[in-house]
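In numbering that gives the first Met the number 0, the protein residues as written are 0 to 183.
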Amino acid sequence: MGEMKETKTNNSKETPEEEIPGVITTTTSAIHNFLKKTKAQDLINWGRKNSLWFMTQPMGCCGVEMIATGCAHYDTDRFGIIPRNSPRHADVMIISGYVTKKYLPALKRLWDQMPAPKWVIAMGDCSISGGPFYESYSTVQNIDEIFPIDVYIPGCPPRPEALIQGFVELQEKIKAKKDRGTEY
0 MGEMKETKTN NSKETPEEEI PGVITTTTSA IHNFLKKTKA QDLINWGRKN SLWFMTQPMG
60 CCGVEMIATG CAHYDTDRFG IIPRNSPRHA DVMIISGYVT KKYLPALKRL WDQMPAPKWV
120 IAMGDCSISG GPFYESYSTV QNIDEIFPID VYIPGCPPRP EALIQGFVEL QEKIKAKKDR
180 GTEY
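And the structure:
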C-alpha cells in the first residue's frame, strides 16, 4: 500500500479579502475604526435620512404626481422613502394642493400626531402661495407661518422627479443637521 504524504497549505500566500476584485468586504477592525471616528448623532442622522416615511394625503393635481413617485418607474422605496397612511408612523408631511380654512385644523391635528423628529415639504404652487385660489375667502395663505416648511417644491404640478429632488434636499439637510433649531 502507498504511503500518505502530508501536504502543507500555505495560508500566508492567499489573496486577502480586500484585494479580491469585485468583492466588497468589511472587516471588524474597519467597523470599529468607523465607529470610533463617527459621532453617535451622525450615525442617528444617517439612519434618519435613509428612512424617510411620508404621510400620504394627496390633494389636487400634486397628489397625482405624489402617487406616481411610488410607482415602478420612479420607485422611491429604493431611497428608503416609503409612504405611510398613519401620522404616527410618518416623519415627513407633504402638504400638496391648496389648504382651506376648514381643512387646516385637521392638518394641524395630523402634524401633532407625528412623532419627533418630523419634517414638512410644501409641494406645488397651491400649497406654497395659494396658486390660482390665492384670493379665495377659504384659502389659507402663507402656510409657512403655520407649519415649519423644510423644503419647497414649486410647480403646477411639480413632476415626480422634482419631488424626489425635494427628498434628496431634505436628506442633505438631515445629514448636515440643518433643522429648525430643535434638538432631536
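Backbone N, C-alpha and C define an ideal beta-carbon position, used for all residues, glycine too.
Beta-carbon proximity list for residue i, same chain, < 8 Å, skipping 5 on both sides
i      : result
Gly130 : Tyr97, Gly123, Asp124, Cys155
Gln40  : Lys176
Where residue i falls, given that 16 or more other Cβ within 10 Å makes a residue buried
i      : result
Ser137 : exposed
Asp149 : buried
Leu42  : exposed
Ser50  : exposed
Ala89  : buried
Lys101 : exposed
Ile173 : buried
Glu64  : buried
Lys107 : exposed
Ile142 : buried
Asn184 : Outside the modelled stretch of the chain, which goes from 0 to 183, sits residue 184, for which no answer is possible.
Lys117 : buried
Asn84  : exposed
Collapsed DSSP secondary structure at residue i in the structure displayed
i      : result
Ile94  : strand
Ile66  : helix
Thr75  : helix
Phe53  : strand
Ala121 : strand
Pro157 : coil
Val167 : helix
Pro116 : coil
Pro147 : coil
Ile127 : helix
Ile80  : coil
Spatially closest choice to residue i from the options, by CA coordinates
i      : options                        : result
Tyr151 : Ser128, Gly69, Ile173          : Ser128
Ala121 : His88, Arg83, Glu168           : Glu168
Val139 : Lys48, Pro104, Thr68, Ala67    : Pro104
Glu160 : Ile145, Pro147, Gly69          : Gly69
Pro153 : Glu144, Pro147, Phe166, Ser126 : Ser126
Pro114 : Glu171, Met58, Trp52, Asp76    : Trp52
Thr99  : Ile163, Lys38, Leu162, Ile145  : Ile145
Arg158 : Gly46, Trp45, Ser28, Ala67     : Ala67
Nonlocal neighbours in the same chain, by C-beta distance under 6 Å from residue i, ignoring five residues either side
i      : result
Cys61  : Ser95, Gly96, Met122, Gly123, Pro156
Gly79  : Asn49, Ser50
Gly171 : Strictly speaking, residue 171 in this sequence is Glu, with Gly absent from that position. Excluding positions up to five away in sequence, the list is empty.
Gly165 : Ile120, Val150, Ile152
Ile93  : Phe53, Ile120, Met122
Met58  : Ser95, Gly96
Cβ neighbours of residue i in the same chain (closer than 7 Å, five flanking residues each side left out)
i      : result
Gln112 : Pro86, Arg87
Tyr133 : Gln140
Thr14  : Confidence at Thr14 is low in this model, with a pLDDT of 48, below 50, so its placement is unreliable and no value can be given for it.
Cβ-heavy atom distance, residue i to the ligand ADP, below 8 Å
i     : result
Arg87 : The ligand ADP is absent from the structure shown, which contains no ligand whatsoever.
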